[in-house]
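Student:
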Amino acid sequence: MPPSNIIGVTLVAALFGTGCIARDGSSAQPVITLEPAIRFQTMVGWEATAQAGQEEPGSSRYLDTVLALAVNEIGINRLRLEVRSGAENSIDYWSAMRTGRIDYKTWRCARYPTVNDDADPQHITEAGFHWTDLDSKVEQVVLPVKRRMEANGEKLYLNLNYVSFMKRGLCAGHAYGHNDPEEYAEFVLAAVTHLRTKYGLVPDALEVALEPENNIHWQDGAVLGRAIVAATRRLRAAGFNLDIIAPSTTKMSNAVKYLEDLARVPGALELVTELSYHRYSGVSEKNLRAIATEAGKHGLRTAMLEHIGSGHEDLHDDLEIGMNSAWQQYTLAFPGSPTEPTRSGGSYITLETSDTLRPVVRIAEQTKFLRQYFRFVRRNAVRIGAASDDDRFRPLAFINSDSAFVVVVKASAGGTLSIKGLPIGMYGVSFATADSSGAVEPARVAGTTFSASIPAAGVITIYQRSDVVQRSEGKM
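Next up, the structure:
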């Protein structure tokens, strides 16, 4: 998504690299130097769980606004579409709960246990699956986001995520069968086939199990490995070739161990595309580096795919140290109130619905900093080398797929910095601090080295205008 519609000004580079504000040797400005020949990870997407408060009363008054903000202002381009294991059941418990035929407590007991569709995991009995919960998310969130992205010339990355939480076991009278890899594979194939048949929608990825530590049947990475082998075999036989995301552990410190256990299953590791983890515990720089190292050994992407409360500090570390190609805080939005912020960093957008007729929709406080990365660094961008001579200014640099350069700097203080190594072009500057967001620097002319300022600690983004890059390339 080109960021050219952001309110701002441009920095115009001189044709022969002799900018009028070129840094001279006497300047005390911090210097950031780009090294485009040094290449790191390729970006896949900025993810959110497909929850926007769409099931709440009065959601029609805010849902369109939420989705427009998510796509056009924040830059979300990847969705986690959760499918609960309890969709395989002879009873449609979700519809029963939504229509008041059962209470929420009954629904909570029934949403993850399974009732086998039939005795043969190689045969899908469609009447044994109820996709109403999944369909609601697709119709109210996924398809509208997909259409908005396509209008911007981009493609949604859709991550189908299997969810089955039963850390304390099952409620009385219920059972669970997806610890059998063939039954798990049947369920996944049934879900993917349903999405294609009903919506013409094929997920880009399968996230094998959300937080496996939260299910007594998924405590060993080898269980994941067997599920991966069985599910991939069934999917590929049906013509589906999905990325495989695992292990999505609650604890950062568990991710490598789960992957090592998964690798004990013949053929499983070779099928994994993305090594995923959450940040709820076991967080350390040592563990983050271990994840990046383990992924690098096996040619895997890395992704931090959930942590309620994470802001740009964690994002920056996950990109720089963890070599992430995708990242998620949590949901798009969920209703809250002015006195109770929406899940305290669990939603990119806050909803104040105390007045149901006049809901207030805002970009969350942490999101205004995340946006400085998300909005400008797009899918298939490649991270390049960037170094600073001042630890207060930590840079990350990228080249988008349209050849436009982006430099994002996490600043622990206000100041003016010089950037060396940008190609000739037109550049916009945007920053976010605790007191302001989306403000821009005054227009000025620059050569291959130019200065940009941020008034206080925060994040500053220097982005090359992609429309200008495209016009210039068209003349060559």
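With positions in the sequence shown counted from 1, the corresponding number in my numbering is that position plus 106. Beta carbons are placed, not taken as given, at the ideal position from N, Cα and C, and that holds for glycine. Note that the coordinates shown come from a computational prediction; the quantities given were computed from them, not determined experimentally.
Note the first and the last residue of the continuous beta strand (DSSP E) segment covering residue 492.
Tutor: Locating residue 492 in the sequence shown gives position 386, counting from the first residue. 488-494 is the span of the beta strand (DSSP E), which, as asked, contains residue 492.
Student: What first and last residue would you give for the beta strand (DSSP E) that runs through residue 141?
Tutor: Indexing the sequence shown from 1 puts residue 141 at position 35. Where residue 141 is concerned, the enclosing beta strand (DSSP E) stretches over 137-148.
Student: Alpha carbons only, please: which of 480, 384 and 362 is nearest the one belonging to residue 502?
Tutor: Counting from one through the sequence shown, the residue named residue 502 turns up at place 396. Comparing Cα positions, the closest option is 480.
Student: Spatial neighbours of residue 325 within its chain, please: C-beta separation below 8 Å, excluding the five flanking residues on both sides.
Tutor: One-based indexing of the sequence shown puts residue 325 at position 219. Result list for residue 325: 318 and 319, in chain order.
Student: Quick one: grab the DSSP three-state call for residue 375.
Tutor: Here residue 375 refers to the residue found at position 269 when the sequence shown is read from its first residue. Note: residue 375 maps to helix in three-state DSSP.
Student: Based on Cα-Cα distance, which residue from 542, 555 and 519 lies nearest to residue 533?
Tutor: On the sequence shown, position 427 is the one that residue 533 refers to. Comparing Cα positions, the closest option is 555.
Student: Please go through the same chain and pick out, in chain order, the residues whose beta-carbon is closer than 6 Å to the beta-carbon of residue 493, but skip the five residues on each side of it.
Tutor: Stepping through the sequence shown from its first residue, residue 493 is reached at position 387. The residues are 139.
Student: Given residue 152, which residues of its chain have a CB within under 7 Å of its CB, disregarding the five upstream and five downstream residues?
Tutor: Locating residue 152 in the sequence shown gives position 46, counting from the first residue. Excluding residues within five positions, the ones whose Cβ falls inside 7 Å are 181, 182, 183, 184, 433 and 480.
Student: When the distance is taken between beta carbons, is residue 476 closer than 8 Å to residue 418?
Tutor: Here residue 418 refers to the residue found at position 312 when the sequence shown is read from its first residue. Here residue 476 refers to the residue found at position 370 when the sequence shown is read from its first residue. Their beta carbons are under 8 Å apart, which means residue 418 touches residue 476 by this criterion.
Student: Along the chain, where does the beta strand (DSSP E) containing residue 201 start, and where does it finish?
Tutor: For the purposes of this step, residue 201 is taken as the residue at position 95 of the sequence shown. Premise fails: residue 201 lies in the alpha helix (DSSP H), 199-204, not in any beta strand (DSSP E).
Student: Within the same chain, show all residues whose beta-carbon is closer than 6 Å to that of residue 568, passing over the 5 residues directly before and after it, in chain order.
Tutor: Here residue 568 corresponds to residue number 462 of the sequence shown, with the count starting at 1. Closer than 6 Å at Cβ, skipping near neighbours: 513, 533, 535 and 558.
Student: List, from N- to C-terminal side, the alpha helix (DSSP H) runs of 4 residues or more that fit wholly inside the region 285-327.
Tutor: 287-305
Student: How many whole angstroms separate the CB atoms of residue 186 and residue 155, which I take to be in contact at a CB cut-off of 8 Å?
Tutor: The count along the sequence shown starts at 1 and reaches residue 186 at position 80. The count along the sequence shown starts at 1 and reaches residue 155 at position 49. Yes, they are in contact, since the Cβ atoms of residue 186 and residue 155 sit about 5 Å apart, within 8 Å.
Student: Below 8 Å between beta carbons: does that hold for residue 285 and residue 248?
Tutor: Against the sequence shown, residue 285 aligns to sequence position 179. Against the sequence shown, residue 248 aligns to sequence position 142. No, Cβ-Cβ distance for residue 285 and residue 248 is not below 8 Å.
Student: Evaluate the contact criterion for the region 284-303 versus the region 341-349: three or more CB pairs, one atom per stretch, below 8 Å.
Tutor: yes
Student: When the Cα of residue 467 is compared with those of 176, 149 and 163, which residue comes out closest?
Tutor: Counting from one through the sequence shown, the residue named residue 467 turns up at place 361. Among 176, 149 and 163, the Cα nearest to that of residue 467 is on 176.
Student: Would residue 197 pass as a contact of residue 272 if the rule is Cβ separation under 8 Å?
Tutor: The count along the sequence shown starts at 1 and reaches residue 197 at position 91. The count along the sequence shown starts at 1 and reaches residue 272 at position 166. It is not a contact, given that the beta carbons lie outside the stated cut-off.
Student: List, from N- to C-terminal side, the alpha helix (DSSP H) runs of 4 residues or more that fit wholly inside the region 162-238.
Tutor: 169-174, 199-204 and 210-216
Student: Which class does residue 531 belong to by DSSP, given the choice of helix, strand or coil?
Tutor: Your numbering for residue 531 matches position 425 in the sequence shown. Of the three classes helix, strand and coil, the one that applies to residue 531 here is coil, per DSSP.
Student: Can you round the beta-carbon distance between residue 357 and residue 387 to whole angstroms, since I take them to be within the 8 Å contact cut?
Tutor: Here residue 357 refers to the residue found at position 251 of the sequence shown. Here residue 387 refers to the residue found at position 281 of the sequence shown. Rounded, the Cβ-Cβ distance is 5 Å, consistent with contact.
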